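Let me begin by presenting the structure, written as structure tokens, before commenting on it.
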Amino acid sequence: MEIRIDSEYDIVTARTIAKAEAKRLGFNIVDQTRIATAISELARNAVTYAGGGIIKINEIEKEGRKGIEIWVIDEGPGIEDIELALTDGWSSGEGLGIGLSGARRLMDEFEIYSEIGKGTKVRVVKWKRT
Amino acid sequence: MKSEEKIPILQIENTLIASIQIPLHDKLALSFQRDLLKSIEKTGAKGLIIDISAIDVVDSFITRVLVEIAKMVALMGVKTVIVGMRPEISITLVEFGVQFDGIETALDLESGLRKLKKWKSE
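Shown next, in the form of structure tokens:
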């Protein structure tokens, strides 16, 4: 499933869809909320810093466990210092940082790829508890 | 359509009550802040209750808006209590790590009003 995000309003749409998908896959309400919140942050970063992007939501399975995999992909300016971005803004609640580090804390897996001038891809995964 | 959205602000004695029932995006957050400050000026209210029981996802943006509102109205001598936070939200916020600094909360409207009354009499 693919969602195009261009504006602020799309952030709400994206997180609502992500939450609904998580519910459909059988995640409990707290995990649904974690997933929706992480997506809200990543989507906000894409809209704010890259003018928009695409969100891809997939159901995945590994060693008999089911999970939800979400990619947030933008074609924005890219992040110069990812390590810094992951700690940046953590205390002030401003900027990229709080969203990235927050999303990482809420999800089970977190990967980020970024190229200056090309864009940024973030992959997050949450596994269903057995 | 979207520009006509407003969050209604009710008054009971000298407390204002606002219940956020629709998604709080940028423009709406700004007009909400403005409306609150205008209401405080008009009514001389001393307390503000913001009900977030209808909000099912609280991200860093919403947190910032609420923290800013509490700070702004505090400058006008008004105490804020956020009520109705869903349990899954409180769990997520703690894990997420966003600072909900200096914001008072209460379980529901009734206990929020009681909290404000208690502060008034201190």
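Same order as they appear, the protein sequences are chains A and B. Take any residue in the first sequence, count from 1 to its spot, add 43: that is its number in our numbering. Take any residue in the second sequence, count from 1 to its spot, add 55: that is its number in our numbering. Beta carbons: idealized from backbone N, C-alpha and C, even for Gly. All values reported here derive from a predicted model rather than from experimental measurement.
Cβ-based neighbour list, residue i, same chain, cut-off 8 Å, excluding 5 preceding and 5 following
{"i": "M44/A", "result": "I60, E64, K99, I100, N101"}
{"i": "G145/A", "result": "T80, A81, E84"}
{"i": "R77/A", "result": "L149, M150, K169"}
{"i": "M56/B", "result": "Because M56/B sits at a pLDDT of 45, beneath the cut-off of 50, its placement in the model cannot be relied upon, and the following sentence gives the value as read from the coordinates. Counting only Cβ-Cβ distances below 8 Å, and skipping sequence neighbours, we find nothing."}
{"i": "I67/B", "result": "L168"}
Start and end residues, alpha helix (DSSP H) containing residue i
{"i": "I125/A", "result": "125-130"}
{"i": "I54/A", "result": "51-67"}
{"i": "F151/B", "result": "142-151"}
{"i": "K175/B", "result": "164-176"}
{"i": "R108/A", "result": "Unbroken run through R108/A is the beta strand (DSSP E), 108-117; no alpha helix (DSSP H)."}
{"i": "E84/A", "result": "72-93"}
From the options, residue whose alpha carbon lies closest to that of residue i
{"i": "A129/B", "options": "T98/B, I158/B, I144/B", "result": "I158/B"}
{"i": "L121/B", "options": "F87/B, V149/B, E177/B", "result": "F87/B"}
{"i": "W174/B", "options": "G152/B, G132/B, E143/B", "result": "G132/B"}
{"i": "F116/B", "options": "Q154/B, I72/B, K101/B, L171/B", "result": "Q154/B"}
{"i": "T91/A", "options": "S157/A, D53/A, I72/A, R172/A", "result": "D53/A"}
{"i": "K62/A", "options": "E177/B, K170/B, E143/B, I124/B", "result": "E143/B"}
{"i": "K164/A", "options": "I113/A, I103/A, D74/A", "result": "I113/A"}
{"i": "I72/B", "options": "P78/B, L92/B, K82/B", "result": "L92/B"}
{"i": "R172/A", "options": "Q75/A, E154/A, I155/A", "result": "Q75/A"}
{"i": "V138/B", "options": "K82/B, D81/B, V149/B, L171/B", "result": "L171/B"}
{"i": "I104/B", "options": "G152/B, I95/B, V136/B", "result": "V136/B"}
{"i": "I62/B", "options": "N69/B, H80/B, E68/B", "result": "H80/B"}
{"i": "F153/A", "options": "P120/A, V115/A, N71/A, G119/A", "result": "V115/A"}
{"i": "I95/B", "options": "K82/B, E123/B, D156/B, N69/B", "result": "N69/B"}
{"i": "S166/B", "options": "G152/B, S145/B, M140/B", "result": "M140/B"}
Start-to-end residues for the beta strand (DSSP E) that takes in residue i
{"i": "N101/A", "result": "96-105"}
{"i": "T160/B", "result": "159-161"}
{"i": "I155/A", "result": "152-158"}
{"i": "Q66/B", "result": "64-67"}
{"i": "I121/A", "result": "According to the sequence as given, residue 121/A is Gly; it is not Ile. Element bounds for G121/A: n/a, residue is neither H nor E."}
{"i": "I75/B", "result": "Careful: I75/B lies outside any beta strand (DSSP E) and carries neither H nor E."}
{"i": "K169/A", "result": "162-170"}
{"i": "E45/A", "result": "45-48"}
Same chain only: Cβ atoms within 6 Å of residue i, ignoring 5 sequence neighbours per side
{"i": "W170/A", "result": "R108, G110, D151"}
{"i": "S134/A", "result": "Because S134/A carries a pLDDT of 44, less than 50, the predicted location of this residue cannot be relied on, and the following value inherits that uncertainty. Excluding residues within five positions, none has a Cβ falling inside 6 Å."}
{"i": "G136/A", "result": "Unreliable positioning characterises G136/A in this predicted model, as indicated by a pLDDT of 47, which lies under 50. The coordinate reading is nonetheless provided below. Within the same chain, G136/A has no close Cβ partners at all."}
{"i": "G94/A", "result": "none"}
{"i": "S74/B", "result": "D106"}
{"i": "I103/A", "result": "G110, E112"}
{"i": "L164/B", "result": "V138"}
{"i": "R147/A", "result": "F153"}
Beta carbon proximity, residue i to chain D, threshold 8 Å
{"i": "V55/A", "result": "Absent here is chain D; the protein component of the structure consists of chains A and B."}
Cβ neighbours of residue i in the same chain (closer than 7 Å, five flanking residues each side left out)
{"i": "E60/B", "result": "I77, L83"}
> Can you list, in chain order, the residues of the stretch 60-94 of chain A whose Cβ is nearer than 8 Å to any Cβ on chain B?
Replying inline: If the cut-off is 8 Å between Cβ atoms, the stretch 60-94 of chain A has K62, I72, V73, Q75, T76, R77, A79, T80, S83, E84, R87 near chain B.
>> Going residue by residue through the stretch 93-135 of chain B, where are the continuous alpha helix (DSSP H) segments of at least 4 residues, counting only ones entirely within it?
In response: Restricted to the stretch 93-135 of chain B, the alpha helix (DSSP H) segments that are unbroken, complete and at least 4 residues in length are 115-130, listed in chain order.
> Going along the stretch 102-117 of chain B in order, which residues come within less than 8 Å of chain A, judged by CB to CB distance?
Replying inline: D111, V112, V113, D114, S115, F116
> For the stretch 137-164 of chain B, which residues have a CB atom closer than 7 Å to at least one CB atom of chain A, in sequence order?
Replying inline: Residues passing the 7 Å Cβ filter: E143, I144, I146, T147, E150, F151, G152, V153, Q154.
>> Taking beta-carbon pairs under 7 Å, can you tell me which members of the stretch 60-90 of chain B lie near chain A?
In response: P78, H80, D81
> When you check each C-beta in the stretch 94-120 of chain A against every C-beta of chain B, which residues fall closer than 9 Å?
Replying inline: none
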